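S.K.: I'd like to ask you about the structure that follows.
In this note's numbering, the protein residues as written are 38 to 203.
And the structure:
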């Protein structure tokens, strides 16, 4: 699946120069704050796109049900690797996810590949098919523009502090 983004030329130039901006800034905490803030915009769009289930869903072989709101609660922004500055926004699964916010079922909810859909055709009552992809398409452009603006502001602030001799 290919994602089309609405990004203007200035943002494309910004993406090419992002490493240079990070080097100019020289402050890892500020870079992390900027990236996390951009990721939050994507997270909010994803949460807004997800519709909660109407009832608990019990799956054979699982010790606890999928509760209403679990998919929405699983959407987070987190640091990809320790010591880095890159963040990921999306449903969190596995060991790092809380038991009540684990989106282990995310792949077949997103793609519409559920038991009822296979059995009876259609969506099988799944209201969240493509919710994450739609949110990405809608929110990545504005998040990158915000990130560019924040980088420019931080670089100007750092240059101002350097010129004052702090």
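A virtual CB, placed ideally from N, CA and C, is assigned to each residue, including glycine. Remember, predicted model here, so these are calculated numbers, not experimental data.
Cα-Cα, which of 143, 137 and 58 is closest to residue 194?
M.R.: Closest by alpha carbon: 58.
S.K.: Mapping DSSP to helix, strand and coil, what is residue 103?
M.R.: Correct three-state label for residue 103: strand.
S.K.: Take the Cβ of residue 64 as the centre, count every other Cβ of all protein chains shown within 10 Å, and call the residue buried at 16 or more, exposed below.
M.R.: With fewer than 16 other Cβ atoms within 10 Å, it is exposed.
S.K.: Could you check where the alpha helix (DSSP H) with residue 190 kicks off and where it finishes?
M.R.: Taken as a continuous stretch (DSSP letters only), the alpha helix (DSSP H) holding residue 190 covers 168-200.
S.K.: Between residue 139 and the rest of its own chain, which residues show a CB-CB distance below 8 Å, the 5 nearest in sequence each way excluded?
M.R.: If we look at residue 139 and ignore the five residues flanking it on each side, its Cβ neighbours are 107, 111, 129, 130 and 131.
S.K.: Which partner residues of residue 124 appear in the DSSP bridge assignment?
M.R.: 116, per the DSSP bridge assignment.
S.K.: Between residue 167 and the rest of its own chain, which residues show a CB-CB distance below 6 Å, the 5 nearest in sequence each way excluded?
M.R.: No residues qualify anywhere along the chain.
S.K.: Just grab the DSSP bridge partners of residue 94 for me.
M.R.: Bridge partners of residue 94: 103.
S.K.: Please list, in chain order, all residues of the same chain as residue 55 whose beta carbon is under 6 Å from its beta carbon, the five residues on each side excluded.
M.R.: If we look at residue 55 and ignore the five residues flanking it on each side, it has no Cβ neighbours.
S.K.: Using 8 Å as the Cβ pair cut-off and three pairs as the minimum, do the region 90-103 and the region 111-120 touch?
M.R.: No, the region 90-103 does not touch the region 111-120.
S.K.: Does the Cβ-Cβ distance between residue 85 and residue 180 come in under 8 Å?
M.R.: Not a contact, by the Cβ cut-off of 8 Å.
S.K.: Go to residue 85, then tell me how far its alpha helix (DSSP H) extends in each direction, as first and last residue.
M.R.: Counting along the chain, the alpha helix (DSSP H) containing residue 85 begins and ends at 65-86.
S.K.: Please classify residue 38 as buried or exposed, where buried requires at least 16 neighbouring CB atoms within 10 angstroms.
M.R.: Caution is warranted here: a pLDDT of 46 is assigned to residue 38, below 50, making its placement in the model unreliable, and no coordinate value can be reported.
S.K.: Thinking just about the alpha-carbon of each residue, which of 201, 200 and 186 is nearest to the one in residue 51?
M.R.: The shortest C-alpha separation from residue 51 is found at 186.
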